[in-house]
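**Q** Attaching a single structure in structure tokens format; questions to follow.
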Amino acid sequence: MKIKKLLFFTFYFVFLVFFIACSVKTTPIYAVIKTPKIKIADEGFIKESFGYKKIIIYKVGLKPFSVTIKNSFICFSGKCQNKKDVIKSLNKKYPQDFFDKILNQKPLKFLGKIKKINDGFIQKKDGYLYKVTKDEVLFKDKRANILILIKYLQDKK
Numbered sequence: 000m001k002i003k004k005l006l007f008f009t010f011y012f013v014f015l016v017f018f019i020a021c022s023v024k025t026t027p028i029y030a031v032i033k034t035p036k037i038k039i040a041d042e043g044f045i046k047e048s049f050g051y052k053k054i055i056i057y058k059v060g061l062k063p064f065s066v067t068i069k070n071s072f073i074c075f076s077g078k079c080q081n082k083k084d085v086i087k088s089l090n091k092k093y094p095q096d097f098f099d100k101i102l103n104q105k106p107l108k109f110l111g112k113i114k115k116i117n118d119g120f121i122q123k124k125d126g127y128l129y130k131v132t133k134d135e136v137l138f139k140d141k142r143a144n145i146l147i148l149i150k151y152l153q154d155k156k
């Protein structure tokens with residue numbers, strides 16, 4: 000009898016771990032990504048699962064544009080590159096976890112002081128602006144001409 004219970008709970012535990020690990024969270028967004036090489040703005044989704052985050056932007060009349068961020072790679076519409084190289088090509092001051100911090104709405108250490116606001120925070124320094132609220136993330140780098148804006152179209156859970 001104990002063996003049956005043990006097998007049942009083991010099977011249940013394995014099933015639960017597999018189900019949770021394979022789940023994908025999808026959040027609708029409006030996104031603007033503007034860099035010297037990429038200029039796109041429209042509605043889409045952020046898909047999150049174990050080991051990656053993916054932004055998909057659906058531009059009317061065009062093939063969907065996607066950015067997949069993994070541990071050591073960033074893929075733009077399926078073409079993958081070393082994460083460190085991509086980030087350094089944008090700005091040498093950006094840390095390797097730059098995109099991860101933005102998508103996770105975490106402060107950027109290289110911007111220093113954090114000013115608290117009602118539902119988030121702001122960081123400003125030498126031509127950089129980074130603002131995070133519950134409804135949006137905004138990053139501007141005036142010198143490198145980079146803008147990243149993510150507006151969440153529904154409450155995040």
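According to numbering that gives the first Met the number 0, the sequence shown is numbered sequentially starting from 0. Ideal Cβ positions, reconstructed from N, Cα and C, are used throughout, including at glycine. Predicted, not measured: the structure shown is a model, and the values here were computed from it.
(1) Go through its chain and collect everything with a Cβ distance to D118's Cβ below 8 Å, but skip five positions before and after it.
(2) Does DSSP classify S88 as helix, strand or coil?
(3) Given this structure, state the Cα-to-Cα distance separating S22 from K38, to the nearest angstrom.
(4) Return the residue from the list K24, K36 and A40 that minimises the CA-CA distance to A30.
(5) Mapping the DSSP letters down to three states, classify K156 as helix, strand or coil.
(6) Can you tell me whether D140 is buried or exposed, with buried defined as 16 or more other CB within 10 angstroms of its CB?
(7) Alpha carbon to alpha carbon, how far is F64 from A143? Give it in angstroms, no decimals.
(8) Please identify the residue among F138, K46 and I147 whose C-alpha is closest to the C-alpha of I68.
(9) Does the separation of the CB atoms of V66 and I101 fall below 8 Å?
(10) Under 8 Å, do I56 and G77 count as touching if we go by C-beta distance?
(11) Using 10 angstroms around the beta-carbon of V59, count the other beta-carbons present and answer buried if the total reaches 16, otherwise exposed.
(12) Determine, for T34, whether the minimum Cβ-Cβ distance to residues of chain B falls below 8 Å.
(13) Could you check if F97 is buried or exposed, using at least 16 other CB atoms within 10 Å of its CB as the buried criterion?
(14) Return the chain-ordered list of same chain residues with a C-beta closer than 7 Å to the C-beta of K124, the five sequence neighbours on each side being excluded.
(15) What are the start and end residues of each continuous alpha helix (DSSP H) run of 4 or more residues lying completely inside the segment 59–135, in chain order?
(16) Looking at the secondary structure, which residues open and close the beta strand (DSSP E) in which A30 lies?
**A** So, from the data block:
(1) Counted from its first residue, the sequence shown places residue 118 at position 119. Annotation for D118: T132, K133 and D134 place their beta carbon closer than 8 Å to its own, counting only its chain and skipping 5 residues before and after.
(2) For the purposes of this step, residue 88 is identified with residue 89 of the sequence shown, where counting begins at 1. Correct three-state label for S88: helix.
(3) Within the sequence shown, the letter at position 23 stands for residue 22. Within the sequence shown, the letter at position 39 stands for residue 38. Using only the alpha carbons, I get a separation of about 31 Å.
(4) In the sequence shown, residue 30 corresponds to position 31, counting from 1. Ranking the options by Cα distance to A30, first place goes to A40.
(5) For the purposes of this step, residue 156 is taken as the residue at position 157 of the sequence shown. Since pLDDT at K156 reaches only 48, below the 50 mark, its modelled position is unreliable, and no value is offered.
(6) The residue given as residue 140 occupies position 141 in the sequence shown. Counting C-beta atoms within 10 angstroms of its own C-beta, D140 has 16 or more neighbours from the protein chains shown and is therefore classed as buried.
(7) Mapped onto the sequence shown, residue 143 falls at position 144. Mapped onto the sequence shown, residue 64 falls at position 65. Near 22 Å, if we compare the C-alpha coordinates of F64 and A143.
(8) In the sequence shown, residue 68 corresponds to position 69, counting from 1. Of the listed residues, the one whose Cα sits closest to I68 is K46.
(9) One-based indexing of the sequence shown puts residue 66 at position 67. One-based indexing of the sequence shown puts residue 101 at position 102. Not in contact: V66 and I101 (Cβ atoms no closer than 8 Å).
(10) Numbered from 1 along the sequence shown, position 57 holds the residue referred to as residue 56. Numbered from 1 along the sequence shown, position 78 holds the residue referred to as residue 77. No.
(11) Within the sequence shown, numbered from 1, the residue matching residue 59 stands at position 60. Result: exposed.
(12) Among the chains of the structure shown, chain B does not appear; only one protein chain is present.
(13) On the sequence shown, residue 97 is found 98 positions in, with the first residue counted as 1. Around the beta-carbon of F97, 16 or more other beta-carbon atoms lie within 10 Å, marking it buried.
(14) Position 125 of the sequence shown, counted from the first residue, corresponds to residue 124. Counting only Cβ-Cβ distances below 7 Å, and skipping sequence neighbours, we find L110 and G111.
(15) Complete alpha helix (DSSP H) runs here, min 4: 82–89 and 97–102.
(16) Position 31 of the sequence shown, counting from 1, holds the residue named residue 30. Where A30 is concerned, the enclosing beta strand (DSSP E) stretches over K24 to K33.
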